[in-house]
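Notes follow once the structure below has been shown.
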């Protein structure tokens with residue numbers, strides 16, 4: 001890994017701007033569960049293992065209409081988990097790599113904001129924001145709610161989060177699987193700001209962390225953003241390969257790699 005670290009450190013030394021592209025693997029070092037495959041998800045959520053429910057099946061918006069206690073049990077638990085989680089040291093290290101920094105992420109956990117990043121484009125929305133399930137309004141509002149759970153079943157106990165306008169059920173402002181009712185306005189405004197920044201960014205380096213191929217949103221964005229320069233650093237313990245050698249590939253976790261990069265730069 002030393003040659004790759006040296007090349008990555010050289011790229012970062014010349015960075016006038018840094019674009020961080022992060023997938024779910026970025027949170028593993030903070031203690032967040034790895035949802036890769038059914039087994040990883042079920043280890044984190046034994047009640048769903050007993051039901052044979054996978055992440056993809058639970059992250060389906062139809063549950064909010066068909067079984068809202070099940071739906072809000074899953075998302076309520078995650079909301080509480082993310083609120084309690086402390087971002088690992090790698091987040092802080094990233095803030096020091098360039099004078100101008102932006103984030104593009106598929107994560108909905110709000111960890112970058114908690115770590116002090118001011119400009120975060122959340123491509124799939126945020127669990128910390130809600131929208132109306134029935135679509136009575138396109139408003140998006142902060143999730144200032146506490147969802148009570150039955151710890152044995154991970155089902156939510158009423159009352160469930162509601163829309164302040166119509167009084168009906170609220171849902172997270174997250175793009176779920178097969179979701180045609182997600183309100184994208186908040187995320188689109190973030191993406192528009194990121195696009196405008198990229199037009200002015202000079203000597204841009206892209207660092208991609210923990211982004212797999214199963215849902216390739218982050219990988220594609222990182223590759224497009226670095227296409228002109230090839231200044232891409234892909235950090236991924238399982239799927240580090242880069243097409244056509246257009247960048248630096250590091251087969252390791254986020255935190256250990258960022259710590260090693262700081263040591264390499266200081267050395």
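Numbering (the UniProt record's numbering), first residue to last: 1 to 267.
Even for Gly, the Cβ is constructed at its ideal location relative to N, Cα and C.
Proximity winner among the options, relative to residue i (alpha-carbon distances)
{"i": "residue 198", "options": "155, 62 and 100", "result": "100"}
{"i": "residue 91", "options": "33, 181, 12 and 103", "result": "103"}
{"i": "residue 32", "options": "168, 47 and 110", "result": "110"}
{"i": "residue 211", "options": "252, 184, 188 and 50", "result": "252"}
{"i": "residue 15", "options": "249, 95, 55 and 112", "result": "95"}
{"i": "residue 202", "options": "182, 228, 88 and 188", "result": "228"}
{"i": "residue 136", "options": "115, 164 and 81", "result": "164"}
{"i": "residue 219", "options": "49, 51, 73 and 105", "result": "105"}
{"i": "residue 270", "options": "41, 120 and 233", "result": "Limits of the chain in this structure are 1 at one end and 267 at the other, which puts residue 270 out of reach."}
{"i": "residue 68", "options": "214, 236, 172 and 262", "result": "172"}
{"i": "residue 138", "options": "162, 246, 241 and 182", "result": "182"}
{"i": "residue 155", "options": "12, 45 and 34", "result": "45"}
{"i": "residue 255", "options": "196, 200, 27 and 190", "result": "27"}
{"i": "residue 29", "options": "10, 134, 62 and 87", "result": "87"}
{"i": "residue 262", "options": "134, 190, 97 and 169", "result": "97"}
{"i": "residue 214", "options": "11, 35, 20 and 161", "result": "35"}
{"i": "residue 83", "options": "143, 66 and 134", "result": "143"}
Start-to-end residues for the alpha helix (DSSP H) that takes in residue i
{"i": "residue 150", "result": "Looking at the DSSP string, residue 150 is not in any alpha helix (DSSP H); the run it does join, the beta strand (DSSP E), is 148–150."}
{"i": "residue 218", "result": "217–225"}
{"i": "residue 79", "result": "68–84"}
{"i": "residue 92", "result": "89–95"}
{"i": "residue 58", "result": "55–58"}
{"i": "residue 51", "result": "46–51"}
{"i": "residue 113", "result": "111–114"}
Through-space distance from residue j to residue i, alpha-carbon basis
{"i": "residue 226", "j": "residue 205", "result": "7 angstroms"}
{"i": "residue 17", "j": "residue 2", "result": "24 angstroms"}
{"i": "residue 145", "j": "residue 118", "result": "23 angstroms"}
{"i": "residue 153", "j": "residue 43", "result": "15 angstroms"}
{"i": "residue 64", "j": "residue 264", "result": "49 angstroms"}
{"i": "residue 231", "j": "residue 209", "result": "14 angstroms"}
{"i": "residue 223", "j": "residue 207", "result": "10 angstroms"}
{"i": "residue 193", "j": "residue 93", "result": "23 angstroms"}
{"i": "residue 258", "j": "residue 89", "result": "9 angstroms"}
{"i": "residue 239", "j": "residue 132", "result": "37 angstroms"}
{"i": "residue 270", "j": "residue 6", "result": "Any question about residue 270 goes unanswered here, given that the chain covers just 1 to 267."}
{"i": "residue 47", "j": "residue 149", "result": "12 angstroms"}
{"i": "residue 70", "j": "residue 250", "result": "39 angstroms"}
{"i": "residue 167", "j": "residue 74", "result": "21 angstroms"}
{"i": "residue 234", "j": "residue 79", "result": "28 angstroms"}
{"i": "residue 190", "j": "residue 19", "result": "14 angstroms"}
{"i": "residue 10", "j": "residue 25", "result": "24 angstroms"}
{"i": "residue 62", "j": "residue 170", "result": "13 angstroms"}
7 angstroms Cβ shell around residue i - same chain, five flanking residues per side excluded
{"i": "residue 108", "result": "122, 124, 125, 126, 127 and 174"}
{"i": "residue 60", "result": "176, 177 and 178"}
{"i": "residue 49", "result": "42"}
{"i": "residue 241", "result": "249"}
{"i": "residue 217", "result": "106 and 123"}
{"i": "residue 134", "result": "166 and 168"}
Which residues DSSP lists as bridging residue i, in chain order
{"i": "residue 174", "result": "125"}
{"i": "residue 22", "result": "105 and 209"}
{"i": "residue 204", "result": "17"}
{"i": "residue 132", "result": "170"}
{"i": "residue 183", "result": "None; residue 183 has no bridge partner."}
{"i": "residue 141", "result": "130"}
{"i": "residue 235", "result": "209 and 250"}
{"i": "residue 120", "result": "103"}
{"i": "residue 162", "result": "169"}
Residue interval of the beta strand (DSSP E) (run including residue i)
{"i": "residue 105", "result": "101–105"}
{"i": "residue 155", "result": "155–157"}
Cβ neighbours of residue i in the same chain (closer than 6 angstroms, five flanking residues each side left out)
{"i": "residue 141", "result": "130"}
{"i": "residue 248", "result": "4, 7, 8 and 233"}
{"i": "residue 114", "result": "87"}
{"i": "residue 147", "result": "72, 76 and 156"}
{"i": "residue 246", "result": "230"}
{"i": "residue 58", "result": "74"}
{"i": "residue 40", "result": "34"}
Beta carbon proximity, residue i to chain D, threshold 8 angstroms
{"i": "residue 258", "result": "As a matter of chain content, chain D is missing from the structure shown, which is built from one protein chain."}
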